[in-house]
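Colleague: This is the structure I want to talk about, given as structure tokens.
There are 2 protein chains.
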Amino acid sequence: MKERKLGRGVAMVGAGMSTFGAFAGISTRDLLADAYRDMIATVDRGFDPNEIDGLYIGNFSSELFEGQGHTAPIMTEWLGLAHRPATRVENACASGGTALRQGVMAIASGLYDVVLVGGIEKMSDLPIERATDALATAGDKLFEIPSGFTFPAFYATMASAYLDRYGLGAEVLRAVAVKNHENGALNPKAHFGQRIADVMASKKAAAAKKGKPVPQWKDIEEFFADDRANPMIAWPLRLFDCSPVSDGAACVLLVREDLALQFTDTPIRIIGTGQASDGALHGRPDITTVTSARIAAGEAYAMAHVTPEEISLAEVHDCFTIAEIVATEDIGFFEAGKGGVAAIDGVTSRLGARPVNTSGGLKSKGHPVGASGVAQAVEIWKQLRQEAGPRGIGANARLGLTHNVGGTGQTSVVHIFERR
Amino acid sequence: MKERKLGRGVAMVGAGMSTFGAFAGISTRDLLADAYRDMIATVDRGFDPNEIDGLYIGNFSSELFEGQGHTAPIMTEWLGLAHRPATRVENACASGGTALRQGVMAIASGLYDVVLVGGIEKMSDLPIERATDALATAGDKLFEIPSGFTFPAFYATMASAYLDRYGLGAEVLRAVAVKNHENGALNPKAHFGQRIADVMASKKAAAAKKGKPVPQWKDIEEFFADDRANPMIAWPLRLFDCSPVSDGAACVLLVREDLALQFTDTPIRIIGTGQASDGALHGRPDITTVTSARIAAGEAYAMAHVTPEEISLAEVHDCFTIAEIVATEDIGFFEAGKGGVAAIDGVTSRLGARPVNTSGGLKSKGHPVGASGVAQAVEIWKQLRQEAGPRGIGANARLGLTHNVGGTGQTSVVHIFERR
């Protein structure tokens, strides 16, 4: 592997996000303004917006979701950053992570000193079936879409191959969902921030209130197996294996590393970045792993000069529960076939040895697709600065990793962050 | 203005494009493959595709035009560049120029040594009114589109303001159209590569052949004023003031400057890059100039340490004839109000003092929107290397400039190129 090195160091000095959810009548520009205000409040020593040299906006498809293209310059006007160069970056659900990488490269290039990286998506205005169609444009129109595949079907294919190869059942998928909802319940910005046990209790209460038969689930297993409460979407993936269709935005402020202390005492350095591509799912020799994620992670680790064992926490792309399991293997946390068991054993839980998706992940926090890769960096910011409140993993957290995937792995982007 | 400097120098060592036109059944991936093959043939000493570190793909809206998102990684597979990081960049009709800038920055950042920059658009599959709707998503959905504006209307507004302010008539617009068709007639890859006089002759011959009354235009003026042959689109812009809806692709190969001589004896260095944004047309104090273009050009000149007077030729964004006139003023070739007269006087013609759009421009060469910004660089490559054939401007050409605009100037990107 070619050793890659940034021309100048880059640090994150602010990070914020809108609440994720379904917000009728709120546009991406308003969502990004929310995230921007939230970010401003995190810059310890404040800053003058005039210092921002440029913007990168990760967005999958405002054209299809809200009929608006050319979103990046609109944001300069909306945020009061007139005339600043602004560029929209699109790599499907990896748009946010890719925008982050462009921000890092822009500073390393010498052109910019201060960059605002935003991620946005406004998905809930479309009916769910049209939203699924819009998302399907991230698949291959020539080969995949005509054969009837949608994204739940792609990931179901990966899940069934994975479970078959390693002799596992849906219990590993369920463990991821339960864990991420536990974490999301501690994240006030989560779209579905409820523990599964609380979801069950709500459903029982609602049935009782309506005078309908109250479901008698003994435990979470029974709830998950209930075809009414948790319908099959694409075998073996049920509703609670899928991330929601969300609206939301996130942003981070990046600066040249040697300027960071002008903004904050506790900058978070970005010490590794990796990106890789792959062809569509049907052409891959092995669909129980994502090759582009392995390459991207390898590059990021090599640049950062750290090993997977040293990473304190990871935010990975759990668009479906199976995706988190595969991701934790692709980033080197676990051997192939061991990611699911790690979730069952609590290794990836918030207080486990290798915390994964302390934010609640895409599954519980929500998945406004272009925003997700940037929101991952927001969680790392909070955790490494010990500002994650009740979901904090503790003061020893020093290295964080984000893993953002587009499509089924046609794009993967990995970043490594460090608090010194 | 902040002085901006690239961390490492960047050179263009290959450049190619597909033919521009309307090609039913040909997808963007095939168009880019055509451009890639064309580019490969221009790299004097050849190269190993394995050396390509990454791709940037400028594309306005494959989602809307061909139902395909996430186009960048698809291109890696299609071109045989498996796993290479690939990023789609979208800034409406400035997507190509923005992708070029990202390629420059990626090399300057230290991460990549060799980058393929592509621009693509496949527009002709949609009926013209739906293509116009798709293009309209580059306007502001909140303020502009609901009031009925489309892009011909935006530029018509700018044109009427310009003509009124400077006391000019449609003759200045016509001069641009005539000139660009003269140039396009010498470009075998142009979509509408016919001189206007030849268009008139063809129409006469076609009418005669069908036994219809043969039009009796005395001169080009009469042809332009004929509401049947050259209908009014949005006053004062007629059909021949508008660039066509085209399919096409272009690409260039960029390398770290100190590697350039491994690829060619005659690299073309990129010595200046500038980008700026603006709000929508309705909020601007003056619509007879494009502020973002002036800022972008100013940055590019400052970085390149050259003045407008030193530029040998420019490819500017003539999506409408008025746009070229304003562009030549915004890049400092002429004072405000003098760009139209310069076209009439032949100053901007191929053999004039300040050649503009020797390729035929968007007007005659065609305007596959995401490809246009990259295709401009292809023309500069040919001209500075004296490989432009019958449309060559001569051996003294040493500095070239490209000017690529998105929307009505919400984005402008300017690059300056040098042959040493």
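Protein sequence lines correspond, in order, to chains A and B.
Under my numbering, think of the first position of the first sequence as 90, with each following residue one higher.
Under my numbering, think of the first position of the second sequence as 90, with each following residue one higher.
We put the beta carbon where it would ideally sit given N, CA and C, even for glycine.
Given the structure is predicted, the values throughout are model-derived calculations rather than measurements.
Helix, strand or coil, according to DSSP, for Arg336 (chain A) in the structure here?
Modeller: For the sequence presented, residue 336 (chain A) should be read as Asp rather than Arg. Residue state, collapsed to three classes: strand.
Colleague: Under the rule that 16 or more other beta-carbon atoms within 10 Å means buried, what is Gly290 (chain A), buried or exposed?
Modeller: In the sequence on display, residue 290 (chain A) carries Ala and not Gly. Per the 10 Å Cβ criterion, exposed.
Colleague: Step through the CB atoms of chain A and report whether any lies within less than 8 Å of the CB of His172 (chain B).
Modeller: Yes, His172 (chain B) counts as interfacial toward chain A.
Colleague: Let me confirm a value: Leu440 (chain A) is counted as buried when at least 16 other C-beta atoms fall within 10 Å, else exposed. Which label applies?
Modeller: Burial call: exposed.
Colleague: Are three or more beta carbon pairs between the region 207-214 of chain A and the region 119-126 of chain A nearer than 8 Å?
Modeller: They touch, by the three-pair rule.
Colleague: Give, in chain order, every residue of the region 199-216 of chain B whose Cβ lies closer than 9 Å to some Cβ of chain A.
Modeller: Listed by position along the chain: Gly199, Leu200, Tyr201, Asp202.
Colleague: Contact defined as beta carbons within less than 8 Å: I believe Gly110 (chain B) pairs with Gly455 (chain B). What is the distance between those atoms, to the nearest angstrom?
Modeller: About 7 Å separates the two Cβ atoms, so the contact holds.
Colleague: Check each residue of the region 125-154 of chain A: if its Cβ is closer than 9 Å to any Cβ of chain B, include it; give the result in chain order.
Modeller: Listed by position along the chain: Asp142, Gly143, Leu144, Asn148, Phe149, Ser150, Ser151, Glu152, Leu153.
Colleague: With a floor of 4 residues, list each alpha helix (DSSP H) that falls wholly inside the region 269-356 of chain B, ordered by position along the chain.
Modeller: Runs found: 285-298, 309-314.
Colleague: Please identify, using Cβ separations under 7 Å, the residues of the region 174-185 of chain A that lie next to chain B, in order along the chain.
Modeller: Within the region 174-185 of chain A, the qualifying residues are Pro174, Ala175, Thr176, Arg177, Val178, Glu179, Asn180, Ala181.
Colleague: Could you name the residues of the region 461-472 of chain B whose beta carbon sits closer than 9 Å to any beta carbon of chain A, in the order they occur along the chain?
Modeller: Listed by position, the residues of the region 461-472 of chain B near chain A (Cβ gap below 9 Å) amount to none.
Colleague: Note down, in chain order, each residue of its chain lying with its Cβ closer than 8 Å to the Cβ of Thr96 (chain A), except the 5 sequence neighbours on either side.
Modeller: Going by the sequence as given, residue 96 (chain A) is Gly instead of Thr. Within the same chain, Gly96 (chain A) has close Cβ partners Ala197, Ser198, Gly199.
Colleague: Which stretch, first to last residue, makes up the beta strand (DSSP E) that contains Arg508 (chain B)?
Modeller: Taken as a continuous stretch (DSSP letters only), the beta strand (DSSP E) holding Arg508 (chain B) covers 500-508.
Colleague: Mind checking the region 274-295 of chain B against chain A and listing, in chain order, the residues whose C-beta falls within less than 9 Å of any C-beta there?
Modeller: Listed by position along the chain: nothing, the set is empty.
Colleague: Less than 7 Å between C-beta atoms, sequence neighbours within five positions excluded: which residues of the same chain meet that for Ala318 (chain A)?
Modeller: Taken in chain order, the residues that qualify are Lys292, Pro304, Phe312.
Colleague: Can you tell which of A:Leu328, A:Phe136, A:Lys301 has its C-alpha closest to the C-alpha of Ala314 (chain A)?
Modeller: Here the closest residue by C-alpha is A:Leu328.
Colleague: Could you say which of B:Thr246, B:Gly105, B:Leu215, B:Arg474 lies nearest to Gly489 (chain B) if we only look at CA atoms?
Modeller: The option with the nearest alpha carbon to Gly489 (chain B) is B:Arg474.
Colleague: With 8 Å as the threshold, decide whether the Cβ of Leu95 (chain A) is near any Cβ in chain B.
Modeller: With 8 Å as the cut-off, Leu95 (chain A) counts as an interface residue toward chain B.
Colleague: Of all Cβ atoms in chain B, is any one closer than 8 Å to the Cβ of Ile163 (chain A)?
Modeller: Chain B contact via Cβ: present.
Colleague: Using only the alpha-carbon positions, how far apart do Phe423 (chain B) and Leu257 (chain B) sit?
Modeller: If you take the alpha carbons of Phe423 (chain B) and Leu257 (chain B), they lie about 16 Å apart.
Colleague: Just reading off the beta strand (DSSP E) that Thr396 (chain A) is part of, what are its end residues?
Modeller: Note, Thr396 (chain A): premise wrong, no beta strand (DSSP E); not H, not E.
Colleague: Taking C-alpha atoms, which residue in A:Gly105, A:Ala460, A:Ile469 lies nearest to Ala401 (chain A)?
Modeller: Residue identity check: residue 401 (chain A) is Ser in the sequence provided, not Ala. If we check each option's Cα against that of Ser401 (chain A), A:Ile469 comes out closest.
Colleague: Could you check what DSSP says for Tyr201 (chain B) in three-state terms: helix, strand or coil?
Modeller: DSSP places Tyr201 (chain B) in coil when its eight states are reduced to three.
Colleague: Which partner residues of Tyr145 (chain A) appear in the DSSP bridge assignment?
Modeller: Beta-bridge pairing links Tyr145 (chain A) to A:Thr176, A:Val206.
Colleague: Please confirm if Ile414 (chain B) has its CB atom under 8 Å from at least one CB of chain A.
Modeller: No, because no Cβ of chain A sits closer than 8 Å to the Cβ of Ile414 (chain B).
Colleague: Please list, in chain order, the chain A residues whose beta carbon lies closer than 7 Å to that of Met194 (chain B).
Modeller: Those within 7 Å of Met194 (chain B) in chain A are Met194, Ala195, Ser198, Leu200.
Colleague: Under the three-state reduction of DSSP, which class applies to Met101 (chain A): helix, strand or coil?
Modeller: Strand, per DSSP.
Colleague: If we count Cβ pairs, one from each stretch, closer than 8 Å, do we get three or more for the region 364-375 of chain B versus the region 147-155 of chain B?
Modeller: At 8 Å Cβ cutoff, the stretches do not touch.
Colleague: Compute every distance between the C-beta of Thr497 (chain B) and the non-hydrogen atoms of the ligand ADP, then say whether any falls below 7 Å.
Modeller: The ligand content of the structure shown is nil, which means the ligand ADP is not present either.
Colleague: Can you give the beta carbon distance from Ile420 (chain A) to Ala393 (chain A), rounded, assuming they're within the 8 Å contact cut?
Modeller: Not a contact, Cβ separation roughly 12 Å.
Colleague: Check Leu64 (chain B) in the structure and name its three-state DSSP category.
Modeller: Chain B is shown only over 90 to 509; residue 64 (chain B) falls outside these bounds and no answer can be derived.
Colleague: Does Asp347 (chain B) pass the burial test, meaning 16 or more other C-beta atoms within 10 Å, or should it be called exposed?
Modeller: Asp347 (chain B) comes out exposed.
Colleague: Suppose you measure from the CA of Asp253 (chain B) to the CA of Gly361 (chain A); what does that come to, to the nearest Å?
Modeller: Spanning the two alpha carbons is a distance of roughly 56 Å.
Colleague: List the whole-angstrom C-beta distance separating Val405 (chain B) from Glu413 (chain B), where the pair is believed to meet the contact cut-off of C-beta under 8 Å.
Modeller: Going by Cβ atoms, the distance from Val405 (chain B) to Glu413 (chain B) rounds to 6 Å, so yes, they are a contact pair.
Colleague: Interface residues of chain B around Ala227 (chain A) at Cβ under 8 Å?
Modeller: Gly158, His159, listed in chain order.
Colleague: When the Cα atoms are used, what is the spatial distance from Gly478 (chain A) to Leu451 (chain A)?
Modeller: The alpha-carbon atoms of Gly478 (chain A) and Leu451 (chain A) are separated by roughly 19 Å.
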